[in-house]
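See structure below.
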Amino acid sequence: MSNAPAPGGKAGLRPQDRLATLVIAALVMAVAVAAIIVAGDFPPTMLETDVGPARFPIIFAVALLVLCAILVFNTLRAPAAPPDDPAQAEPKASYGTVAVGIVATAACLYAMEFVGYAIATPIYLFGLMWLMGRRNLIANAAIAAVLTALIYAAFAVALSVPLPVGSLFE
Amino acid sequence: MYELDMLLHGAQALFNQPMALLLALFGVTLGIIIGALPGLTATMGVAILLPFTFGMDPLSGLLMISGVFFGGIYGGSVTAILLKIPGTPAAAATAIDGFELTKKGQAGIALGTATFSSFLGGTASVFVLIFLAPVLARFALEFSASESFALAVFGLSIIASISGVSVIKGLISGFLGLLLATVGLDPMGGFPRYTGGYTELFNVPFIPVMIGLFAAAEAFKSLEDPQVRAGMAAALDRIIPPWYVFRRQLGNIARSSGLGIIIGMIPGAGADIAAFVAYNEAKRFSKTPENYGKGELGAVAACESGANGCTGGALLTMLTLGIPGDAVTAVMLGALTLQGLQPGPLLFKDHADLVFTLFAGMLVCYVMMLVVGLGSLRFMGRILQMPKSVLTPAILALCIVGTYAINNSIFDIWIMLAAGVVGYFMQKWDFPASPVVLALIMGPMAEANFRRALSLSNGSYDFLYTRPITAALLAIAIVTLMLPLLRRLWAERSGSGPSTINPAAGSSRMGTPE
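Going down the list, the sequences are from chains A and B. According to our numbering, the first sequence is numbered sequentially starting from 1. According to our numbering, the second sequence is numbered sequentially starting from 1001.
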């Protein structure tokens, strides 16, 4: 993300970066607070000389809270960046493609549990190649099949590392 | 000199056994392939080959396993540099600058430097193993829980220097990694922490997290840019670095190899820790520390020589004292005992011929690694010429299969995917991923050894300053942690900083779009 220098030499934050940083800081703080609450239920140690299982997670979580508070303070204090010059604007990122890619990966994992590596992987590869702009369906299918076979050969055949068979075929 | 005579006799005996040499070559080649594949580590490679050594003579079996060990540590750097997939945990540090060099079109030089640095680091460590074994083994024995804790803290202090654009964001990533590292069984009492009832979380799943944060996040990022999606990456340029470039790295390689050897000797500290420590020291000694993280050849040289320097160090304590320095040498210890050899001082007395033939073979293994490595780089570099629209799906498929291979667990792949998504957002908003991985490696070591040291000192915190090695390492850690902060404050006061300070980032950075 870009932090364009603000007038007067001070670097500034774009509104969307400021919002994203604050959201991330809030999420991390929520994780830290949850970690402290859960650590409260950890049993005390049986050894007199030990600090117990909760001490280290609590120290790390408190440090996270302090660091996030500093980040929030700095982010709120940062000056706003001037609007982007349209002539020098970055090419617009296609977040939709990323979201579809992530969902496709999750779907592949879900499918792999049932139909196994041999069926889920070529379909996943084919779909991703299409998503990334390759429109030659026959070439995509061939590449997907070859890649699936190569990975299978490297892991399952050469190194005897078993790959998921799928619950439907077990 | 006794050692030199024995080594020459060993070399003579070795070259009379062509089968042993052939098996060593097979081991090195297999090790490089295993190291390059994500999810498969040198430990796994040695474990896979162990049953095959039962029927072999001791020299052939041990040389083949050594070959896998050496090749496995080096092989991780290839995919780390080309694709930002650290094939092994040790290559996570190499990926930081190695992949940046690839993005600049200098993948060939980066790979060549990694190969030569691995060779030099590894060869130096074997020479140290041959000539200084008894002296260094005694030094390594000085390391008890308190020293190991201090070493882990020293390792963690590197977070400040690998934080990239913002120390605050780097520290947040680091502490998030430390918090994540507490997931699993409590190292003293065995109580499950933050596992949610999942037995899969009893051990910190750090390899899935590492693959997700580095490789999957990068693959997701390449989905977002239409120009990158359609584009073809650059071809591999020259592989062997020019002498005037490599010559400047020799001091760096010598220092990093030394660090690797010492860290390798310390039980529990492996090549991953050595690589990160070497990275930090290289940056500290560099005249251009600001280039680290942006594609600095010195970083690649340091990480690889440090990681491979570790091999001789780890073998040293294993062979002289019977204490394995890391997981790979623990498996190799099993191989030795299977061959009827008992590691320890008597091994050097009762089986001196075999031991020195093995040492000569290890040196040959490193030469083989150099030849096979350099010979295969041009072929591996062709990966770069694949269109991104084929390469990115292939990387994601490799991430999935590589993660599954660790424990044959779909659960691990879900963790990898979650780490990939988190890593993607971290990358978007300048939260560095390396401190998370570093913390996952060092965190459990720090906590377990601190609590052990506390118990050994009857609950007294005196061990923090009464033991010289502990105190020295902790002092260096504080300096390492504070130095970047002090430098930044100094820059602000001297007037060069404010113009480029991003208050939200808490760091100097111009607003160049990424």
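By construction, the Cβ of each residue, glycine as well, lies at the ideal position given by its N, Cα and C atoms. Please read all numbers here as calculations on a predicted model, not as lab measurements.
Sixteen is the threshold: since fewer than 16 other Cβ atoms of the shown chains lie within 10 Å of the Cβ of Ser167 (chain A), the residue is exposed. Here Pro1192 (chain B) carries a strand assignment [DSSP, helix/strand/coil]. Taking 8 Å as the upper bound for CB-CB distance, Pro43 (chain A) and Phe1191 (chain B) are in contact here, some 6 Å apart. Residues of chain B whose Cβ lies closer than 8 Å to the Cβ of Ile143 (chain A) are, in chain order, Val1390.
Each residue's CA atom was taken as its position, placing Ala106 (chain A) and Leu1417 (chain B) some 7 Å apart.
Closest in alpha carbon position to Pro162 (chain A), among B:Glu1147, B:Val1046, B:Val1401, is B:Val1401.
With contacts defined as CB atoms closer than 9 Å, Ile1168 (chain B) and Ser1434 (chain B) fail to qualify as a contacting pair. Look at Gly1027 (chain B): its C-beta is not under 9 Å from any C-beta on chain A. Boundaries of the alpha helix (DSSP H) around Tyr1002 (chain B): 1002-1015. DSSP places Pro1387 (chain B) in the strand class (E or B) of the three-state scheme. Within the region 1027-1112 of chain B, the complete alpha helix (DSSP H) segments at least 4 residues long are 1042-1049, 1058-1083, 1091-1103, listed from N- to C-terminus.
Listed in chain order, the beta strand (DSSP E) runs fully inside the region 59-140 of chain A amount to none, counting runs of at least 3 residues. In its chain, beyond the 5 residues on either side, no residue has a beta carbon closer than 6 Å to the beta carbon of Phe1052 (chain B). For Lys1221 (chain B), at least one C-beta of chain A is nearer than 9 Å to its own C-beta.
Counted as a single uninterrupted DSSP element, the stretch harbouring Lys1287 (chain B) is not any alpha helix (DSSP H), since DSSP gives it neither H nor E. When DSSP states are grouped into helix, strand and coil, Leu150 (chain A) belongs to the helix group. Cβ neighbours of Ile1395 (chain B) within its own chain (closer than 7 Å, five residues either side excluded): Leu1083, Ile1085, Ala1215, Ala1219.
At a cut-off of 9 Å between beta carbons, Thr1357 (chain B) makes no contact with chain A. Close partners of Gly166 (chain A) in chain B (Cβ separation under 9 Å) are lacking, with about 10 Å as the shortest Cβ gap. Chain B has a Cβ within less than 9 Å of the Cβ of Ala32 (chain A). Within the region 1167-1194 of chain B, Ile1168, Lys1169, Leu1171, Ile1172, Phe1175, Leu1176, Leu1178, Leu1179, Thr1182, Asp1186, Met1188, Gly1189, Phe1191, Arg1193, Tyr1194 place their CB atoms closer than 8 Å to a CB of chain A, listed in sequence order. The bridge partners DSSP lists for Leu1185 (chain B) are B:Pro1192. Interface criterion met: the Cβ of Gly1459 (chain B) is under 9 Å from a Cβ in chain A. Looking at B:Thr1043, B:Phe1379, B:Ser1455, B:Asn1308, the one whose alpha-carbon comes closest to that of Leu1363 (chain B) is B:Asn1308.
Under the three-state reduction of DSSP, Leu159 (chain A) is assigned to coil, being neither helix nor strand.
Closest in C-alpha terms to Ala1453 (chain B), from the list B:Phe1149, B:Ala1047, B:Ile1033, comes B:Phe1149. The beta carbons of Gly1423 (chain B) and Ala1278 (chain B) sit no closer together than 9 Å. Take Met1210 (chain B), set aside five residues on each side of it, and the residues of its chain with a beta-carbon closer than 7 Å to its own are Pro1086, Pro1089, Ala1092, Val1437, in chain order. Counting along the chain, the unbroken alpha helix (DSSP H) around Asn1252 (chain B) starts and ends at 1250-1265. Cβ proximity to chain B below 8 Å picks out Met112, Glu113, Tyr117, Thr121, Tyr124, Leu125 from the region 111-126 of chain A. With respect to the 9 Å criterion, Lys1103 (chain B) and Gly1295 (chain B) are classified as neighbours on the basis of their beta carbons.
Of the candidates B:Gly1270, B:Arg1378, B:Leu1062, B:Arg1378 places its Cα closest to the Cα of Asp1237 (chain B).
Excluding sequence positions up to five before and after Asn1203 (chain B), its CB lies within less than 6 Å of the CB of Gly1184, all in the same chain and listed in chain order. Distance from the CA of Leu1374 (chain B) to the CA of Ser1222 (chain B), rounded to the nearest whole angstrom, comes to 29 Å.
In the DSSP assignment, Asn1308 (chain B) falls within the unbroken alpha helix (DSSP H) covering 1297-1321.
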